[in-house]
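Chemist: Take 46 as the starting number for the sequence shown in our numbering and just add one per residue.
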Amino acid sequence: MPFSKYAAYVKIPGRNLARHPWRTVITGFVTVLGLVAILAASAVRNGIDRQMTFSMTGSICGDIEIARAAGVGTGGGGTGGGGVLSLATASPARLRAIHGVVYATPRISLTGVVASATANTLVSITGVDAAVEERLVANLAPASGASLRDLRPGQVAVSAVVAKRLGLSAGDQAFVAVGRPDGTMERRALDVATIFAARSDPGWLERTAFLALDEAAALGGLAPGEASSVLVFVDDPAHLEEVKQEVQRQLAGAAGVAVTTWKEGRFKIVQMSTSTVAALTAVMAVVLFLMTGVVLTTTVVMAVLERRREMAICAALGLKRRGLFGLLLAEAVLLQVAATVAGVILTLAVVWWLGRVGIPASSPQLVQMFAGPRLYPYLKLADAAWPVVVLNALALVATLAGAWRATAGEPVHMFAQ
């Protein structure tokens, strides 16, 4: 086939598109708007999933937890986990040297009571090294008092819910008591340094009181160099399993030590929480896709059917049905390529901008969903692939369907319609 004939399949469709600017703009606008809406919904879903996971793992379990296996332990202290872990076995300093690890920190988990002069409540008591706990500090916004990062021995941080229930304010004195395995009760008077509001997972954190690591160890009767667990935080969630395997190799000689990720075991609640929100945003993306698909196919079919007389004249001049199909498909391809490029570029620009400035949370419910005051969306390559392919396929199929219906019959009948 001569090159000029190939060129005609670009030149003529391009001329036809330019001759009907409003029809071209409307059809292209539907594709652009649909792509922007679908890809933006995917970017929001990615942002929520990342921020909720980041926040909840930082507060509850880390990306990887190292602890005594169930039923294994030294039996010391009042720990609420599966036993006491020696930090000589799982050294945070050695764990931080593993490639992909941002930081590793011990935690002490106790169950006890926080009381004021007039009331008391049962809470989970967690000992932390606040100077290291970046994700935890980021998730706990101080409602009153100092930041959790400044937590010192002799102080306690409680949630706004607990503070209200007990009538406590920052600077007040609270009593913290923990029962020990020997039947004794250890009770201490501590200053309320921080009253916090959690940005995510309020159900767990509002029933938790935080102490400095040394304070929690003394309260629970743990010896120096002991903790309930060591939490490991990674720089890239995609490398979680690789880091876990490296941690297991480093602890291969330690008997009775369990290494689990936040996706496993008792921490599946974290995955369930993030998956629920991700599912809701995925449903929103599917609804947007269906709406876009219906509007796009209807618009394309109607745009083709409006050109019956034009196609009847072409058929009367000798252009076969196959040639008409080819020209209409060429127009559709040119239009869809231009609209797709415009839609993807516009979406990338919007998502890039929102990823820098963030989407503000306008209500307490959105603060919980976003796991913070702002949501920072981002887009993956796989998110853009399927909407582009499917929407363009729908446009081409709608073009063929409209052309098949419009070119049915003799030219005189086509012209009359």
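Even glycine gets a Cβ: it sits at the ideal position worked out from N, Cα and C.
Using only alpha-carbon positions, find the residue among P418, R232, G216 that is nearest to A222.
Modeler: Against the sequence shown, residue 222 aligns to sequence position 177. Cα-wise, what sits closest to A222 is R232.
Chemist: Going by DSSP, which residues form a beta bridge with P405?
Modeler: One-based indexing of the sequence shown puts residue 405 at position 360. P405 pairs with R419.
Chemist: Whole angstroms are fine: how far does the CA of V395 sit from the CA of L426?
Modeler: Here residue 426 refers to the residue found at position 381 when the sequence shown is read from its first residue. Here residue 395 refers to the residue found at position 350 when the sequence shown is read from its first residue. About 16 Å.
Chemist: Beta strand (DSSP E) containing G172: first to last residue?
Modeler: Counting from one through the sequence shown, the residue named residue 172 turns up at place 127. Taken as a continuous stretch (DSSP letters only), the beta strand (DSSP E) holding G172 covers 165-173.
Chemist: Could you check what DSSP says for I109 in three-state terms: helix, strand or coil?
Modeler: Your numbering for residue 109 matches position 64 in the sequence shown. Of the three classes helix, strand and coil, the one that applies to I109 here is strand, per DSSP.
Chemist: Check D428 in the structure and name its three-state DSSP category.
Modeler: Taking the sequence shown and counting its residues from 1, the one referred to as residue 428 is at position 383. The answer is helix: DSSP assigns D428 an H, G or I state.
Chemist: What residue from R225, A234, A112, T69 has the CA that sits closest to V277's CA?
Modeler: As a first step, residue 277 must be located in the sequence shown, where it is residue number 232. Residue A112 is the option with its Cα nearest to V277.
Chemist: Thinking P83 and P432 are a contact (beta carbons under 8 Å), I'd like their distance in whole angstroms, please.
Modeler: Numbered from its first residue, the sequence shown carries residue 83 at position 38. Numbered from its first residue, the sequence shown carries residue 432 at position 387. Sequence inspection shows Ile at residue 83; the Pro mentioned does not correspond to that position. About 5 Å; that satisfies the 8 Å criterion.
Chemist: Pull up the distance between the alpha-carbon of G363 and that of R352, whole angstroms please.
Modeler: Mapped onto the sequence shown, residue 363 falls at position 318. Mapped onto the sequence shown, residue 352 falls at position 307. The straight-line gap from Cα to Cα measures roughly 17 Å.
Chemist: Could you check if A63 is buried or exposed, using at least 16 other CB atoms within 10 Å of its CB as the buried criterion?
Modeler: Counted from its first residue, the sequence shown places residue 63 at position 18. The residue is exposed, with fewer than 16 neighbouring Cβ atoms inside 10 Å.
Chemist: What residues in its chain sit with their C-beta under 6 Å from that of I143, if we drop five residues either side in the sequence?
Modeler: By one-based count along the sequence shown, residue 143 stands at place 98. Hits under 6 Å: E291.
Chemist: Could you check where the alpha helix (DSSP H) with S8 kicks off and where it finishes?
Modeler: Lying before the first or after the last residue shown, residue 8 is absent from the chain, which here runs from 46 to 462.
Chemist: Per DSSP, E376 forms a beta bridge with which residues?
Modeler: What you label residue 376 is simply residue 331 of the sequence shown in a count that begins at 1. Answer by DSSP bridge pairing: none, since E376 is not bridged.
Chemist: Would you mind working out which of R90, V81, V77, P66 sits nearest L325, comparing C-alpha positions?
Modeler: For the purposes of this step, residue 325 is taken as residue 280 along the sequence shown, with counting starting at 1. Per the Cα distances, R90.
Chemist: Between K289 and the rest of its own chain, which residues show a CB-CB distance below 7 Å, the 5 nearest in sequence each way excluded?
Modeler: The residue given as residue 289 occupies position 244 in the sequence shown. Correct list, in chain order: I109, V304, T306.
Chemist: If you compare alpha carbons, which of R152, A375, Y423, A383 is closest to V77?
Modeler: Here residue 77 corresponds to residue number 32 of the sequence shown, with the count starting at 1. Of R152, A375, Y423, A383, the residue nearest in Cα terms is A383.
Chemist: Counting only the same chain and skipping the five closest in sequence on each side, list residues whose C-beta sits under 7 Å from that of A348.
Modeler: Within the sequence shown, the letter at position 303 stands for residue 348. Correct list, in chain order: R68, T72.
Chemist: Can you list, in chain order, the residues of its chain with a C-beta nearer than 7 Å to that of F415? Leave out the 5 residues immediately preceding and following it.
Modeler: Locating residue 415 in the sequence shown gives position 370, where the first residue counts as 1. Correct list, in chain order: I93, Q96, A406.
Chemist: I need the DSSP call for P269, collapsed to helix, strand or coil.
Modeler: For the purposes of this step, residue 269 is identified with residue 224 of the sequence shown, where counting begins at 1. Note: P269 maps to coil in three-state DSSP.
Chemist: Quick check on this structure: which residue in A135, F74, L369, G228 has the alpha carbon closest to the alpha carbon of G298?
Modeler: Here residue 298 refers to the residue found at position 253 when the sequence shown is read from its first residue. Cα-wise, what sits closest to G298 is A135.
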